[in-house]
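Inspection log for the structure reproduced underneath, given as structure tokens.
2 protein chains.
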Amino acid sequence: MSQHLEPITIILVEPQFPGNIGMVCRAMKNMGLSRLRLVAGCNHRDSEAVKFAVAAVDLLEQAVCFNTLAEALADVTTSIATTRRSGKYRQELLTPPQAAQALLRQSGTTALVFGREDHGLSTADLSLCTLQATIPSSGELGSLNLAQAVLIFCYELFNAAALAPDIPQRTPVPSGDLEPLFEQMSATLQKIGYLNPQNPDHIMRAVRRILFRAELDRRDLAIMRGMFSQIDWAAANFSERKGQP
Amino acid sequence: MSQHLEPITIILVEPQFPGNIGMVCRAMKNMGLSRLRLVAGCNHRDSEAVKFAVAAVDLLEQAVCFNTLAEALADVTTSIATTRRSGKYRQELLTPPQAAQALLRQSGTTALVFGREDHGLSTADLSLCTLQATIPSSGELGSLNLAQAVLIFCYELFNAAALAPDIPQRTPVPSGDLEPLFEQMSATLQKIGYLNPQNPDHIMRAVRRILFRAELDRRDLAIMRGMFSQIDWAAANFSERKGQP
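One line per chain: the protein sequences are D and F, in this order. So the first sequence is numbered by my numbering: it starts at 1 and just counts up by one. So the second sequence is numbered by my numbering: it starts at 1 and just counts up by one.
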């Protein structure tokens, strides 16, 4: 069972209270997870963090810190952003059991991403993650404590891993390898007048969603990059021949 | 959905840290539960409790205190003890989803019972509850924080209540009404030499389990009491006739 859970990483974006980081470590270890990444967080070596980690202080010590979420996701294949909100740029929200299945059927490093205690994840954070999930909760008080939210997902992962068959898994490329494709697409699509140069991200967010859902592997990525190189070339050469600017 | 969750009570036995009580309130409210009972606990009006309850401070204020678990269970029908251990007197352990189903198919006040942060529930506590449940967790670190354990069960209740059909529910008698039957049975079974008077509880624990699983309703209880009154009478009269002591 543990080999299924081993590559799954918990990422906390700007956690504010050391005690919460400690409690997250304990919840992770309770459910057999061990990899923690912190993005621009508070001091996780604080005595409060150690106190709440109890016997999971080893996870705290092994936590890896990053300056940005993009850096923390660079080697991650499937990343699931957890959110309470559904808005303009929000997409389908998975339930915790669905999120567990989505992570367990991938190989490579996968991640669950949790936002700040007060504001959660920003729209920019969400657009970096390949999927989104939420915990069903009462309308009266919907906001869970950070460590409680982490526990629910880890509990569902633990349950699902116990039943996970040893089937071959797909290997999507990590997020860090997709960003150059998105940049290339954005540049080309602006050049050919498809994207509004004043606000190219509006449509690009939808394009990102489409390609995230497609879970591109190495070959898929090469095909997409080749396709947009060709579009770029064709646009330049065809417009020149027609004498367009 | 809320009418299914409304009668479900969380009982904390001797909680030691006010902060945990506060976090329990928040977790309960997150998942639509509202009834909290405390048995011989620490001061739940402490500022730490209020701080961690956040927007669920109303549950904290409405918490009802009892001196003993037996008193807290007196009007409860199905009560599920949560435990990490399985030992001599331990019985089948339900998973959290199974526990949720067991509570939702009953009417009347039902309860989930959680023990002390350090030692959990005692054997005496367990023998007062009608069923037992445990949270599957990693062998490396099996012990969950109290509020985390409460959250898992409340989360499963919330999920199950969302799908619960409006079918007629059975109405078992509350635990407080079963205790006189157990006392009657114990006395009679000692009198007829079935129970060892040095340790009548050893077999009585198994008898309690049997009748708890049977979920006696009002008529079942009358039948059992009548049966043991008759056994008592017959034992007295038959032994007298035979000249036995």
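Idealized CB from N, CA, C, for every residue including glycine.
Taking 9 Å as the CB threshold, Ile-11(D) stays off the interface with chain F.
Here the alpha carbon of Ile-203(F) sits roughly 38 Å from the alpha carbon of Leu-163(D).
Taking the C-beta atoms as reference points, Leu-33(D) is found nearer than 9 Å to Leu-5(D). Listed along the chain, the chain D residues whose CB falls inside 8 Å of the CB of Pro-136(F) are Phe-158, Asn-159 and Ala-162. Neighbours of Lys-29(F) across chain D, judged by C-beta separation under 8 Å: Ser-138, Glu-140 and Leu-141.
The DSSP-derived three-state label of Arg-35(D) is strand. Contact of Gly-22(F) with chain D by beta-carbon distance below 7 Å is absent, the smallest such distance being about 10 Å.
For a Cβ distance threshold of 7 Å, residue set Asn-30 of chain D lies close to Leu-144(F), ordered along the chain. In summary, no residue of the stretch 178-196 of chain D has a CB separated from any CB of chain F by less than 7 Å. For Leu-157(F), the enclosing alpha helix (DSSP H) covers residues 146-163.
Non-local beta-carbon contacts of Asp-201(F) in its own chain, meaning distances under 6 Å to residues more than five positions away in sequence, are absent. Here the C-alpha atom of Ala-236(F) lies approximately 9 Å from the C-alpha atom of Ile-192(F). Between the stretch 76-83 of chain F and the stretch 126-138 of chain F, the count of Cβ pairs shorter than 8 Å is three or higher; the stretches touch.
Scanning Asn-145(D), Glu-179(D), Leu-141(D) and Glu-48(D) for the CA closest to the CA of Ser-127(D) turns up Glu-179(D). Comparing alpha carbon positions, the residue from Ala-63(F), Val-39(F), Asn-159(F) and Ala-74(F) closest to Gly-22(F) is Ala-63(F). In this structure Glu-14(F) touches Ala-40(F) by the C-beta definition: roughly 5 Å separates them, less than 8 Å. Taking a contact as a CB-CB distance under 8 Å, the pair Leu-59(D) and Met-28(D) counts as one, their CB atoms being some 6 Å apart. Here Phe-153(F) is actually not in contact with Leu-211(F); their C-beta atoms are around 24 Å apart, not less than 8 Å. Residue pairing by DSSP leaves Ala-40(D) without any beta bridge partner. For Ile-152(D), the nearest CB of chain F lies under 9 Å from its own CB, placing it at the interface with that chain. Beta-bridge annotation (DSSP): Ile-10(D) is paired with Leu-36(D) and Leu-112(D). Under the three-state reduction of DSSP output, Ala-133(D) falls in the strand class. In this structure, Ala-53(F) sits away from Arg-35(F), with a CB-CB distance that is not shorter than 9 Å. Around the Cβ of Asp-118(F), a 10 Å sphere holds fewer than 16 other Cβ atoms; the residue is exposed.
Around the C-beta of Tyr-155(D), 16 or more other C-beta atoms lie within 10 Å, and the residue is accordingly described as buried. Taking all protein chains in view, the Cβ of Asn-145(D) is crowded by 16 or more other Cβ atoms within 10 Å, so the residue is classified as buried. At least one CB of chain D lies nearer than 9 Å to the CB of Ala-55(F). The C-beta distance from Leu-195(D) to Arg-225(D) rounds to 18 Å, too long to fall under 8 Å, and the pair is not in contact. In this structure Leu-104(F) touches Ala-160(F) by the C-beta definition: roughly 6 Å separates them, less than 8 Å. Shortest Cα-Cα distance from Arg-116(F) to any of Ala-234(F), Asn-30(F), Gln-3(F) and Phe-17(F) involves Phe-17(F). Ala-147(D) belongs to the set of residues whose beta carbon lies under 9 Å from a beta carbon in chain F.
The Cβ of Arg-26(D) sits closer than 9 Å to at least one Cβ of chain F. Relative to Leu-94(D), the option among Asp-232(D), Ala-206(D) and Arg-213(D) whose CA is nearest is Arg-213(D). For the options Asp-232(F), Val-150(F), Pro-197(F) and Ala-187(F), the alpha carbon positioned closest to that of Gly-120(F) is the one of Val-150(F).
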